[in-house]
Each structure stands twice: as C-alpha cells, then as structure tokens.
Amino acid sequence: MTSAAFPNILRRSCEWEKGFPFGPCRRWLYTRDFARVLSDVRTSDGGMRWYSGRFGTRLWFALLLSASAYCQTPAVTLDQSFSETRRARLQALANEVAAIVAEKFSTAQLHSLPIRVYRDGTPPAPITTLDDWQMPTLIRIRLNVNDGLPYAQFAYQLGHELGHVMLGLYRSSGLLEACAVAVSYDVLDELANRWAADASPLNREYSPNFRLYREQAEQLALARFPPEVRAAVSQKSWKDVSLYLRMRSFDVDQLSQELVNHVEGRALQALAAIVLRAKGAPWSKLHRLGDCPESRPEQKSFSYRPIESECMAPIAHTFAHVGAGLFQTDLLLATFDQVPPRGLGFVFWWNAVNKWARLSEIKRSNGGKIRKRLGASSATSIYVTTR
Ligand SMILES: [Zn+2]
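6 is the number of the first residue of the sequence shown in this note's numbering; add one for each residue after it.
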C-alpha cells in the first residue's frame, strides 16, 4: 500500500463512525486484510508515524511531583454570594471536604494560594480558575448550587473542583476530569461515613444522602451505556469495562470545554471514575499530574491537552484500568451481524452502527493472529488501534 492510499482507509473508517461523538476514527485501521496492512504500514514512513499513535514509542521517564512548600492548613473560604444564614454551615462542610481531599492526596495543604468559593445558581457548570494565570494570587471556584442547604450537591461539586486544584490548575482533559469525578465520589462516601458517626443527630440523619447522591450520579451516567457495559459494572468485570473505555478514547478525545462538558463525555468520565475507585488509584502520585512536565511554557495558561507519555509512564498501570495511556497491546474491534461467540473478549450491542461488536487485546505485530481470528469468525469488519 502506498502512503497516498492510506488516508482513504482512514476516511472510510471515519465515515463509518458518523454519529459516534467520541469515535477514535483517527486511530483505527479499517480493513479485512490485516496482515497486508500491518506489514505495509510498518514499512511506510507516513503510515508508521500514524500507526505509532499520539504517544509514539519514546517512553522516557520524568518525575512529576514538584517540590511542595506547604506549611499551613487548607484555606477554603466561601464568599458572600452564599446567603448569610447558610454560610456558616456550608463553610464547615467546605473545610471538611478540603481536609478529605488533602488527606487523599497526602498533602498537608491543598495549595499555597488561598481558595475562594462563590455561588452561582445558573449554568454553566462549576469551574476553577486563577485570578491571573501568569501571576496568580487567588484560586476561584465557582459552584452551581441551590441557595438552600444542598449538602450533597455542594460537597460533590466542591470535591470535584478541589480535585482539579490537586491535579493541576493549568490543564484539563477527559482523563483528568475522570480523576476529579472519582475524587468527588470519594468525598461523598467519606462524608457519609463521617456524618453517620457525628455527634449531631441532624448530621446523622442526613448522612445517607451523600452516598445516595453518588449512587444517583453513577446511575445517571451508566444509563447512557449499552446494557452489556452496565452488566460488566455490576458484575465487577473491570477488564471488560476497560476495553470499552479504551475503545471510546475518552482520555485523548475530550480536549475542549465543549467535549468535556458534553453529556456523553460526562458519562464516560463517570464510568472511568467508577473503575478508578474500584481498582484503586495512588492519589499521591497523581498530585499535580496536569502540571507535568514541569518545564512546559504552556503551563502559564489554561488548556485542554492529553497527558504526555513521560508523565503517564510512572502511573501507566493505574490508567490502563480505564483504557487510557500507554499500552503494550493493540486493541481489536470486530463487528458482526449476529451475536458472536463470547469468551474471546467483551461483546456488546453497538447501537451507533446497529451491529454486535467484540473488543479484545492482541499482541503487537500479530497480523497473522488477527487474520486467523477474523477468518474463523463471521465478522463484517475489523479495526485495530495501538492505543
Ligand atoms: Zn471538572
């Protein structure tokens, strides 16, 4: 295959992906003749660059944790946009949320800058910004909460935004959003436990609402996925969920405010957060992940960017659970008109294309195995990606 012919394959793949907002069309090879394409791609300069994926093959390590100069307790202050009658109670809850998040990331203090929280009861979504991206003196967190005492909603939003403070203020991506969602879920569960044992009967009575809020948020997100994905979650088949998340490429496809806030994007982040929490994450290693590598000049302004491979490498194992980051395997996607035999991967009904789909991992450079698998099945098409 010539390099000129190669883009046609990609274009066909992308057309096939229409109606699939987070389709990884840039990264899929589409062919029924895999052995030929794999060998051609690997000997073609243009194709090879593409096939190597966004992260390329250079996996060198860089330590990401910046030296911390923390010496004070967390300082999160609610401003006057919270009504006076509610402020004292919500301030106490904010302090509790801040302490939970700091403890989670094993830091004595959330940030060296003061954090001001203000309320706006209207969209857009909650957001964290700096007063000045070049010479910041203040972190601003805007919450979109009701003007009542919506403890669970408040804790959920503040937990998420403080997650961003810990993950790095200058960057977001689908993957960082998923981490922030996981932080907010953890905050809700921890508050449920703490308040259940609180001295105040009112707090004890309220305590189940934190966990309920988390469960409802998860259910709302899960409702957007195929029944097979929901079943995999309830059966704790995390490997199957990770294959599905890897296919959806949420970590590198959600690189704009619009995509991050898209209802489908939010659902993928929640699904990844569920897996992250189930498998466990080394949160202290994720501290300031978004600021890595430290010397980037872009650090002085906010942007949506994927995490660089050298920053992913030390925590690749964690992110592999959510189908993100660096892989030693290729991902194979085969589609079928009839339900395919199970056992060779994760099978689900792919509504977007009106076909059954099966996801599985294969060793790199194994065109023969792919062809064998395709030949032995009734697959109508087959795709592969390195990431
Ligand atoms: Zn966020």
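All C-beta atoms, glycine included, are put in the ideal place defined by N, C-alpha and C.
- Ala-197 and Leu-95 have their C-alpha atoms spaced approximately 16 angstroms apart.
- The stretch 198-210 and the stretch 322-333 do not touch, with fewer than 3 CB-CB distances between them shorter than 8 angstroms.
- Its chain contains Phe-341, Asp-342, Gln-343, Pro-345 as the residues whose beta carbon lies nearer than 8 angstroms to that of Ser-383, once the 5 sequence neighbours on both sides are disregarded; these appear in chain order.
- In terms of side-chain proximity, the C-beta atom of Ala-185 is found nearer than 6 angstroms to a non-hydrogen atom of ligand 1.
- In this structure, Gly-350 lies away from Leu-336, with their beta-carbon atoms at least 7 angstroms apart.
- When beta bridges are read from the DSSP output, Phe-87 appears opposite no residue.
- When the beta-carbon positions are compared, Gly-295 and Leu-172 come within less than 7 angstroms of each other.
- In the structure shown, Thr-127 adopts coil according to DSSP, grouped into three states.
- For Val-122, the beta-bridge partners assigned by DSSP are Leu-83, Ile-146.
- Annotated as distal: Ala-160 and Val-106, with beta-carbon spacing of 7 angstroms or more.
- Between ligand 1 and the CB of Glu-182, the shortest heavy atom gap is smaller than 6 angstroms.
- In the pairwise beta carbon analysis, the stretch 274-286 is classified as not touching the stretch 141-153: fewer than three pairs are separated by under 8 angstroms.
- The alpha-carbon of Tyr-156 is positioned some 28 angstroms away from that of Ser-239.
- By the Cβ test, the stretch 265-273 is in contact with the stretch 216-229, since at least three Cβ pairs between them sit closer than 8 angstroms.
- The beta-bridge partner set that DSSP reports for Glu-210 is empty.
- At a Cβ-Cβ threshold of 7 angstroms, Ser-177 and Tyr-388 do not count as neighbours.
- In chain order, Trp-138, Gly-295, Asp-296, Glu-303, Gln-304, Lys-305, Ser-306, Phe-307, Ser-308 place their CB closer than 8 angstroms to the CB of Tyr-175, counting only its own chain and leaving out the 5 sequence neighbours on each side.
- Burial check for Leu-180: the Cβ neighbour count within 10 Å reaches 16 or more, so the residue is buried.
- Per DSSP, Lys-368 is not a residue of any alpha helix (DSSP H); the beta strand (DSSP E) it occupies stretches across 360-368.
- The three-state secondary structure of Leu-336, taken from DSSP, is strand.
- Straight-line measurement puts the Cα of Thr-82 at about 10 angstroms from the Cα of Ala-97.
- Looking at the backbone, the Cα of Glu-210 and that of Leu-217 are separated by about 13 angstroms.
- Per DSSP, reduced to three states, the secondary structure at Thr-323 is helical.
- Residues of the same chain with a CB within less than 6 angstroms of the CB of Ala-237, apart from the 5 flanking positions on each side, are Asp-245, Val-246 in chain order.
- Apart from sequence neighbours up to five positions away, the residues of its chain that approach Arg-219 with a beta-carbon distance below 7 angstroms are Tyr-190, Leu-193, Asp-194, ordered along the chain.
- Asp-136 places its beta carbon less than 7 angstroms from that of Thr-142.
- If you look at Ser-239, you'll find it in the alpha helix (DSSP H) that goes 232-239.
- With 16 or more other CB atoms across the displayed protein chains lying within 10 angstroms of its CB, Met-317 is buried.
- One thing to note: Arg-121 has its Cβ within 7 angstroms of the Cβ of Asp-84.
- Nearest Cα to Val-170 within the set Arg-293, Pro-131, Asp-258: Arg-293.
- Boundaries of the alpha helix (DSSP H) around Ser-189: 179-201.
- With fewer than 16 other beta carbons inside 10 angstroms of its own, Lys-241 counts as exposed.
- Partner residues in the beta bridge of Arg-176, as assigned by DSSP, are Ser-308.
- Classified as buried, Arg-251 has 16 or more neighbouring CB atoms from the shown chains inside 10 Å of its CB.
- In this structure, the straight-line span from the alpha carbon of Ala-278 to that of Thr-385 is close to 33 angstroms.
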